[in-house]
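Positions in the sequence shown are counted from 1; adding 1 to them yields this note's numbering.
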Amino acid sequence: MNMQTSLQDRMNDRKLIKIGRNDACWCKSGKKYKQCHMAMDEKIQRIQDEGHLVPDRSIIKTPDQIAGIRQSAKINIAVLDYVAEHIKEGITTQQIDQWVYDLTTKMGGIPAPLGYHGFPKSVCTSVNDQVCHGIPDENVVLKEGDIINVDCSTILNGYFSDSSRMFCIGEVSPEKKKLVEVAKECCDIGLKEVKPWGFLGDMGQAVHDHAYANGYTVVREIGGHGVGIEFHEDPWVGYNSKRGEEMLMVPGMMFTIEPMINMGNVEIFVDEANGWTAYTEDHMPSAQWEYMVLVTEDGAEVISY
Ligand code: MF3
Ligand code: CO
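As structure tokens, this is what we get:
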């Protein structure tokens, strides 16, 4: 997704501004540049010179931003916890939308999907062969055997959080249960590859290989994304990538791990009637979990789940 960059962002871009060793660091820590991000910036520059894709300074979160994003994520997690406790056979996906709207706003947040590029509801609810961006509907009643992804995103004080979980309604078939479990394993295995100075392709390949080892496919057209200051920021995060490729991971980056795992064919299509909801072409089930992760000094931290 193309995001408009502000003048300030462009001025902060490391390619345009050289900060003196003794100047204040760009991250507003109050420390001198040489005692803060200087060594990291130089290391990133060396890796870029070797021909790799590297993050712009604008997507490396400062400690203050991380603190704000954590607060947003607290609401996001609480809302999904509420859904987990109350979701059951017989409720409608519209009911889930109402829970999400009521709880998010009660806690002081704004549901990020509402009105986002015209999205009409507060949450995405994707059932069975719906891959993602399912629209809550009072006519969609959850029934025993359904699997559903509830994808929840919150804005608090301008900070964004985003994560999703799968739920099994009553007894589901062993095939669907396994799909849901393997989709979760894909996120956990991908998460293990998130660490500074690795590449997003390390994570992408791990996700891909686990899904295909189980006989599943990984949707190509829709991926994860940077998140925190905007709903969708750089980088684009795919899960059909190769180890050592795609963007360098550095401390302070935040992005989502949210592969869509199809039981059958990899192909999908978008419902022309609403312009949003993606379905598997073969109408076999699809499953997705979403973690929002922060790259730390020595690994990764899940910020929302
Ligand atoms: N939460 C989704 C994601 O993971 C985005 C949904 S966009 C919406 O990126 F408008 F459909 F909500
Ligand atoms: Co997302």
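Note that beta-carbon positions come from the ideal geometry of N, C-alpha and C, so glycine has one too.
Starting from residue i, trace the alpha helix (DSSP H) both ways and give me its first and last residue.
| i | result |
| --- | --- |
| residue 60 | Counting along the chain, residue 60 falls outside any alpha helix (DSSP H), and DSSP gives it neither H nor E. |
| residue 100 | 94 to 107 |
| residue 131 | Careful: residue 131 lies outside any alpha helix (DSSP H), inside the beta strand (DSSP E) at 131 to 133. |
| residue 45 | 39 to 50 |
| residue 77 | 64 to 87 |
| residue 210 | 201 to 214 |
| residue 190 | 175 to 192 |
Check for me: the beta strand (DSSP E) holding residue i runs from which residue to which?
| i | result |
| --- | --- |
| residue 289 | 287 to 289 |
| residue 198 | First-last for residue 198: undefined, no H or E at that position. |
| residue 114 | Element bounds for residue 114: n/a, residue is neither H nor E. |
| residue 155 | 148 to 157 |
| residue 236 | 234 to 238 |
| residue 160 | 160 to 169 |
| residue 302 | 301 to 305 |
| residue 227 | 225 to 227 |
When the Cα atoms are used, what is the spatial distance from residue i to residue j?
| i | j | result |
| --- | --- | --- |
| residue 72 | residue 158 | 9 Å |
| residue 308 | residue 92 | Residue 308 lies beyond the range of the chain shown here (2 to 306); nothing can be said about it. |
| residue 277 | residue 134 | 6 Å |
| residue 241 | residue 192 | 15 Å |
| residue 82 | residue 292 | 14 Å |
| residue 185 | residue 289 | 7 Å |
| residue 183 | residue 145 | 21 Å |
| residue 1 | residue 198 | This structure does not reach residue 1, given that the chain is present from 2 up to 306, and the question cannot be answered. |
State yes or no: is the C-beta of residue i within less than 9 Å of the C-beta of residue j?
| i | j | result |
| --- | --- | --- |
| residue 284 | residue 257 | no |
| residue 76 | residue 52 | no |
| residue 239 | residue 224 | yes |
| residue 48 | residue 252 | no |
| residue 97 | residue 120 | no |
| residue 267 | residue 218 | yes |
| residue 94 | residue 128 | yes |
| residue 156 | residue 232 | yes |
For residue i, count neighbouring C-beta atoms within 10 Å of its own C-beta (all shown protein chains included) and say buried if the count is 16 or more, exposed if not.
| i | result |
| --- | --- |
| residue 114 | buried |
| residue 69 | buried |
| residue 36 | exposed |
| residue 130 | buried |
| residue 260 | buried |
| residue 211 | buried |
| residue 247 | buried |
| residue 171 | exposed |
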